[in-house]
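Read the structure below first, then the notes.
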Amino acid sequence: MAFLRASFNLLDFQVAGHSMETVLQYEIPALHPLAVHFPIALLIAAFVVCAIWLVTGGRLWRRSTTILLVAGAMGSAFAYFTGEAMYEMSEDIPVVDELIELHETLALVTLWIAVFLSLGALVLEYLGRSAPDDTIDPVAMRLTAFVCLLAVALVVAATGHVGATMVWGVAR
């Protein structure tokens, strides 16, 4: 029973000669660099799942699309509202000053599209709640959702690209 008394301390765990104690000596002063990954991953995943729904028409794929879309909209809000603190830390950096307005506009467009589509998807879920599980959704509805999610996926990708350029971009 000695194995029951053993304990695992994450702080002592070594990788490449460094422990978590080394990592914990630092802090991330703004949440924006963490927050931005949520809308990118969730909204693009919603588009991919919507493509599957377009082909199959099944309720599972519609619900999965809705869940990812709503989570992506919430992630977009989180990223958008943490952006100002990040900007204040990055003022007077030439590439940031040059691209921040475009980035903020794209982020706001992403947020509004994602929120609008989320509300629409939730209404469709509510209206379709009494349909049998094997119901195939109309092609027109699936195609409309696909086109809308393609738009939000492209806008969130553009927003992320501009943001990444502000962080990692090098002038040519």
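Note that my numbering numbers the sequence shown so that position 105 is 93, with each residue one more than the last. Cβ coordinates follow ideal geometry from the N, Cα and C atoms, glycine included.
Segment limits, alpha helix (DSSP H) that includes residue i
i    : result
I124 : Looking at the DSSP string, I124 is not in any alpha helix (DSSP H), and its letter there is neither H nor E.
L112 : P82 to L115
A73  : R47 to S78
V37  : H25 to T44
Those residues which DSSP pairs with residue i across a bridge
i  : result
H6 : V3
8 Å Cβ shell around residue i - same chain, five flanking residues per side excluded
i     : result
V37   : W49, S52, T53 and L56
R(-7) : Residue placement at R(-7) is poorly supported in this model, since its pLDDT is 49, which falls under 50; the coordinates are not used for a value here.
T153  : V83 and L87
Given residue i as reference, the closest of the options once Cα atoms are compared
i    : options                   : result
I101 : Y114, D85, A139 and I28   : A139
F35  : G148, Q13 and G60         : G60
A65  : V24, V127, V111 and T132  : V24
T132 : T10, P27 and A39          : A39
V43  : G148, Y14 and I124        : I124
L28  : M154, H149, V155 and V158 : According to the sequence as given, residue 28 is Ile; it is not Leu. Answer by Cα proximity: H149.
V155 : V3, E79, W41 and G46      : E79
H91  : L30, A33, A145 and L12    : A145
D119 : V58, G151, G46 and A141   : For clarity, residue 119 is Ala in the given sequence; the question names Asp instead. Nearest C-alpha to A119: G46.
L31  : V135, G116 and V58        : V58
G151 : A33, L22, L12 and A4      : L22
V97  : V143, V11, G116 and L137  : V143
C136 : Y14, G116 and S106        : S106
Cβ neighbours of residue i in the same chain (closer than 6 Å, five flanking residues each side left out)
i      : result
A95    : Y68 and T147
A(-10) : Residue placement at A(-10) cannot be trusted, given a pLDDT of 48 that sits under 50; what the coordinates show is reported in the next sentence. So the list is empty, once near-sequence residues are dropped.
V103   : A61
G63    : F26, P27 and L30
F134   : C38 and L42
Own chain, CB closer than 7 Å to residue i, minus 5 neighbours either side, in chain order
i    : result
M77  : P17 and A18
G157 : V83
T93  : none
Spell out a yes or no on whether the stretch 68 to 80 and the stretch 12 to 23 are touching, meaning 3 or more CB-CB pairs, one atom from each, closer than 8 Å. yes
Check whether the stretch 127 to 135 and the stretch 84 to 103 are in contact - that is, three or more C-beta pairs closer than 8 Å. no
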